[in-house]
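In what follows, a single structure is set out as structure tokens and then discussed.
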Ligand code: AMP
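Numbering (UniProt numbering), first residue to last: 1 to 396.
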């Protein structure tokens with residue numbers, strides 16, 4: 001696939017959902033910098049985020065870690081790219097900081113953009129802050145939309161690398177699927193714009209970064225924390241499955257942590273919008289692969305959204321034990337997954353063990369459904385907030 005095909009694909013992104021009207025994402029054909037997110041939309045998002053944030057203030061019982069503010073960033077050089085230019089050498093450094101203060105000001109009564117409220121966004125509309133991380137195909141930066149002060153994460157993908165890596169489909173899938181999702185435990189994709197060489201994804205900023213890093217740092221999570229994470233995952237997966245989307249690549253590396261300690265599923269590169277039909281692609285990470293995906297050939301080699309239930313079981317195990325249940329050499333991992341060979345260490349509570357065993361079931365149809373995961377005694381025990389309200393109910 002060529003860059004031109006990739007671009008034309010980006011113009012037609014759309015996910016028709018039975019619950020929602022399709023959202024217009026049309027791009028103007030003759031723009032050098034085209035976009036699917038306009039300034040007025042971003043103002044809307046900022047206001048939404050503001051009211052959600054205020055709602056969260058009252059719903060604090062559901063949070064996991066001690067509530068912290070967006071960290072005030074040290075003054076860092078902000079790079080501003082000249083619009084339309086794609087050369088790294090054209091990055092201009094300025095001394096500006098993207099801070100909590102500006103986030104707050106953006107949330108309190110955003111003025112409409114004085115000049116052109118409906119103008120499409122481009123790179124020059126953002127102040128770029130510190131790098132947040134590096135993926136295989138690009139970097140992610142903390143960013144602030146200048147006119148609204150809206151804080152977000154800007155993911156920059158190089159078109160040539162996407163084409164070279166033959167991941168056009170994944171990128172398109174990621175944009176297509178993620179931009180239509182709205183759930184507190186699913187990372188928001190507000191929109192995207194692109195220039196000649198790069199695609200920029202305007203993402204929700206997850207203030208506490210990768211869950212994977214927290215897990216590696218802590219070794220394993222205490223049961224109360226693991227249970228809250230699993231409850232949030234179950235709520236997010238329930239939402240996705242209702243929309244006939246299976247994630248297919250659930251693992252700690254693909255989960256981010258928001259400023260209130262809430263988790264945010266990200267990385268929809270492998271997810272599939274699958275109304276009714278079963279898919280047969282082999283993807284994802286070996287440790288998290290369900291048995292029905294590793295069986296080579298044969299008519300049993302199909303799967304549906306229940307693959308995410310298996311991965312949730314693997315995730316829960318890794319949260320509590322610090323390593324995946326089938327971790328071994330690649331050949332042995334596959335063999336052990338196919339046989340469901342694993343043991344839960346004795347330090348794991350009987351209730352948690354029970355839930356793991358009800359998720360890591362070889363027969364997909366016998367895995368505990370998400371609604372029952374949310375009602376499992378281990379979840380209920382750890383997710384009761386003040387006043388008897390259940391965290392997961394708030395999230396659903
Ligand atoms: P990715 O290319 O999506 O794998 O992102 C690379 C890294 O950037 C991740 O591992 C995170 O550490 C960081 N990152 C990506 N997206 C965000 C975000 N929305 N908020 C905060 N950090 C992010």
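Where a beta carbon is used, it is the ideal one built from N, C-alpha and C, also for glycine.
Given a length threshold of 4 residues, each whole run of the alpha helix (DSSP H) inside the segment 197-253 is given here in chain order: 211-218 and 223-242.
In this structure, DSSP gives residue 149 a state outside helix and strand, which the three-state scheme calls coil. The Cβ-Cβ distance between residue 169 and residue 203 does not fall below 7 Å. When DSSP states are grouped into helix, strand and coil, residue 186 belongs to the strand group.
Runs of the alpha helix (DSSP H) lying entirely within the segment 313-340 and spanning at least 4 residues, in chain order: 330-339. Shown here, residue 364 sits in a helix according to DSSP, grouped into three states. Separation of residue 357 and residue 122 (C-alpha to C-alpha, rounded to the nearest whole angstrom) is 49 Å.
As computed with DSSP, residue 265 is found in a beta bridge with 186 and 255. Burial state of residue 173 is buried, judged by a 10 Å Cβ sphere holding 16 or more other Cβ atoms.
Comparing alpha-carbon positions, the option among 226, 287 and 245 lying closest to residue 261 turns out to be 226.
C-alpha of residue 247 to C-alpha of residue 137: approximately 20 Å in a straight line. Taking a cut-off of 8 Å for Cβ pairs, the segment 308-320 and the segment 248-259 touch, as three or more such pairs fall below it. For residue 261, the CB stays at least 6 Å from every heavy atom of ligand 1.
Here the C-alpha atom of residue 380 lies approximately 7 Å from the C-alpha atom of residue 374. Under DSSP, residue 127 shares a beta bridge with 144. Relative to the non-hydrogen atoms of ligand 1, the Cβ of residue 226 never comes closer than 6 Å to any of them.
The residues 131 and 156, in chain order, have a CB closer than 6 Å to that of residue 139 in the same chain once the five nearest residues on each side in sequence are set aside. Boundaries of the alpha helix (DSSP H) around residue 377: 377-382.
Within the same chain, 286, 287, 326 and 327 come within 8 Å of residue 333 by CB-CB distance, once the 5 residues on both sides are set aside. In chain order, 139, 140, 209 and 210 place their CB closer than 8 Å to the CB of residue 133, counting only its own chain and leaving out the 5 sequence neighbours on each side.
DSSP places residue 134 in the strand class (E or B) of the three-state scheme. Cβ contact annotation for residue 330 (same chain, cutoff 8 Å, sequence separation greater than five): 286, in chain order. Annotation: residue 293 to residue 180 spans about 27 Å, alpha carbon to alpha carbon. Between the alpha carbons of residue 195 and residue 171 lies a gap of roughly 16 Å.
Relative to the non-hydrogen atoms of ligand 1, the Cβ of residue 205 comes within a distance shorter than 6 Å of at least one. Pairing residue 370 with residue 237 gives a Cβ-Cβ distance under 7 Å. Here residue 290 is buried: its Cβ has 16 or more other Cβ atoms, across all protein chains shown, within 10 Å.
When C-alpha distances from residue 378 are compared across 355, 207, 360 and 346, the shortest belongs to 355.
As far as DSSP is concerned, residue 359 takes part in no beta bridge.
If you compare the alpha carbons of 212, 159, 235 and 215 with that of residue 199, the shortest gap goes to 159.
Residue 140 has its CB nearer than 6 Å to a heavy atom of ligand 1.
Annotation: residue 304 is outside any alpha helix (DSSP H) and is labelled neither H nor E by DSSP. Residue 207 and residue 266 have their C-alpha atoms some 14 Å from each other.
Around the beta carbon of residue 367, 16 or more other beta carbons sit within 10 angstroms, so the residue counts as buried.
Here the alpha carbons of residue 319 and residue 216 stand approximately 10 Å from one another. Residue side-chain check: residue 210 places its Cβ nearer than 6 Å to a non-hydrogen atom of ligand 1.
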